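Going by full-length UniProt numbering, the sequence shown opens with residue 1, and the numbers climb by one from there.
From the three backbone atoms N, C-alpha and C, an ideal C-beta is built for every residue, glycine too.
Predicted model only: the values in this text are computed from it and were never measured.
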Amino acid sequence: MENGNKKRSREADGTNDAESGKEVDESESAKRARKDGESEGGEKTAVEKSSESTERKPESGSTGEKADEDPEFPEDDEIAKIARREDKLKTELGGELMALLTLEINTMGADWFDALVSEMKKPYFKQIKSFLAKEYAAKATVYPPERSMYSWSAYPLKQVKVVILGQDPYHGPNQAHGLCFSVQKGVTPPPSLVNIYKELESDLGTDTGEGKSGFKKPKHGYLDGWAKQGVLLLNTTLTVRAAHPNSHSACGWETFTDAVIRTVDRKSEGVVFILWGGNAQKKGGMIDKKKHLVLKSAHPSPLSAHRGFFGCKHFSSANKFLKERGRAPIDWNDLP
1 MENGNKKRSR EADGTNDAES GKEVDESESA KRARKDGESE GGEKTAVEKS SESTERKPES
61 GSTGEKADED PEFPEDDEIA KIARREDKLK TELGGELMAL LTLEINTMGA DWFDALVSEM
121 KKPYFKQIKS FLAKEYAAKA TVYPPERSMY SWSAYPLKQV KVVILGQDPY HGPNQAHGLC
181 FSVQKGVTPP PSLVNIYKEL ESDLGTDTGE GKSGFKKPKH GYLDGWAKQG VLLLNTTLTV
241 RAAHPNSHSA CGWETFTDAV IRTVDRKSEG VVFILWGGNA QKKGGMIDKK KHLVLKSAHP
301 SPLSAHRGFF GCKHFSSANK FLKERGRAPI DWNDLP
């Protein structure tokens, strides 16, 4: 742009001086401007003004506020964001605590981590980490795999609409992956999940495929489709030793998941808490019932489902509550 302006200036017979209105020899003026950085009258030449205007002009869509930003590291660059977050964590946590929380930093949703980091600084959380380290050192098989331990936090805290509490993870091979009641694709749905599907069919009706709305039971037990919509599928104990149910229930996890529940209660409005079974129902006392809806029933296990789980209609009740508050209901069929 600058070279084009200069070329046009050289081709012209002359230009009007902004101050005097007299003709000036452009070549002479340009020489003086290049030498001294300004014209005789102390004003920058028209060529230079045009050049500066072009250089300052922000690109299309830009506000011009980020002119000094390094183009190699735009604001939304993921690598730059990660680097900034690491620097922030080093400052806030220090090297020792940052090393202890490596798994949490790398696998927990960033907003969940930020909301819960004060909890993870407490002595009891260090004891949980020590307990798990001993389990791994003893070559015990622990479910779910470490990388999946915090899968429940994969979607933003602010999007939570429904909380379903489980107890501890499934303790069979290839089942648990960090979402309560859910199993990985290719794994047969366990009895509790089969009963959940039965209650959905009873509550919402059966989808016959003939235009009638209702629940169409999937051929798998992978519930991530619910999680994506804002259903927090949280076990109150996050790990278990293979073939040993409740084996990690006393290591401190419940203190941590209580903090998760309190965080949702405090930071959210109009959430449905679904508490199945005595262990989950104990958590009801920490939930503000003026802000949220609490639904309780027996556990969907075959041992207790007929004592109040079947017929509870929690799925339709949850959606009714959400719609009354202007929130999108959960599509319980969205299980791809």
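In whole angstroms, what separates the C-alpha of residue i from that of residue j?
{"i": "Asp114", "j": "Ser247", "result": "29 Å"}
{"i": "Ala99", "j": "Leu116", "result": "17 Å"}
{"i": "Leu234", "j": "His306", "result": "23 Å"}
{"i": "Val272", "j": "Thr107", "result": "26 Å"}
{"i": "Ile79", "j": "Ser153", "result": "21 Å"}
{"i": "Arg266", "j": "His292", "result": "10 Å"}
{"i": "Gly252", "j": "Glu104", "result": "16 Å"}
{"i": "Leu193", "j": "Asp224", "result": "14 Å"}
{"i": "Arg85", "j": "Lys185", "result": "33 Å"}
{"i": "Ile330", "j": "Glu199", "result": "16 Å"}
{"i": "Arg262", "j": "Gly214", "result": "33 Å"}
{"i": "Asp258", "j": "Lys219", "result": "33 Å"}
{"i": "Phe131", "j": "Ser182", "result": "25 Å"}
{"i": "Val260", "j": "Glu254", "result": "10 Å"}
{"i": "Ala250", "j": "Met286", "result": "20 Å"}
{"i": "Pro191", "j": "Asp87", "result": "46 Å"}
{"i": "Phe310", "j": "Glu146", "result": "34 Å"}
{"i": "Asp334", "j": "Ala176", "result": "20 Å"}
{"i": "Ile82", "j": "Asp203", "result": "44 Å"}
So, with DSSP's three-state summary, where would you put residue i?
{"i": "His306", "result": "helix"}
{"i": "Tyr143", "result": "strand"}
{"i": "Val183", "result": "coil"}
{"i": "Lys282", "result": "helix"}
{"i": "Arg325", "result": "coil"}
{"i": "Thr107", "result": "helix"}
{"i": "Thr239", "result": "coil"}
{"i": "His244", "result": "strand"}
{"i": "Met149", "result": "coil"}
{"i": "Trp253", "result": "helix"}
{"i": "residue 340", "result": "What is shown of the chain runs 1 to 336, which leaves residue 340 out entirely."}
Which same chain residues, not among the five before or five after residue i, have their C-beta less than 7 Å away from its C-beta?
{"i": "Lys121", "result": "Leu97"}
{"i": "Arg327", "result": "Lys161, Gly270"}
Provide the residue(s) that pair with residue i in DSSP beta bridges, ordered along the chain.
{"i": "Leu293", "result": "Val272"}
{"i": "Leu165", "result": "Leu234, Leu275"}
{"i": "Phe215", "result": "Thr206"}
When burial is assigned at 16 or more other CB atoms within 10 Å of the CB, is residue i buried or exposed?
{"i": "His314", "result": "buried"}
{"i": "Lys320", "result": "exposed"}
{"i": "Gln127", "result": "exposed"}
{"i": "Ala138", "result": "exposed"}
{"i": "Pro300", "result": "buried"}
{"i": "Pro156", "result": "exposed"}
{"i": "Pro123", "result": "exposed"}
{"i": "Thr236", "result": "buried"}
Skipping 5 residues on each side, what residues in its chain have a beta carbon closer than 6 Å to that of residue i?
{"i": "Tyr150", "result": "Thr107, Met108"}
{"i": "Ala280", "result": "Leu165"}
{"i": "Cys312", "result": "Ser297"}
{"i": "Tyr197", "result": "Lys217"}
{"i": "Lys323", "result": "Pro329"}
Only counting the same chain, and skipping five residues up and downstream in sequence, which positions put a Cβ closer than 8 Å to that of residue i?
{"i": "Ala242", "result": "Ala140, Thr141, Val142, Tyr143, His171, Gly172, Pro173"}
{"i": "Pro189", "result": "Val183, Tyr197, His220, Gly221"}
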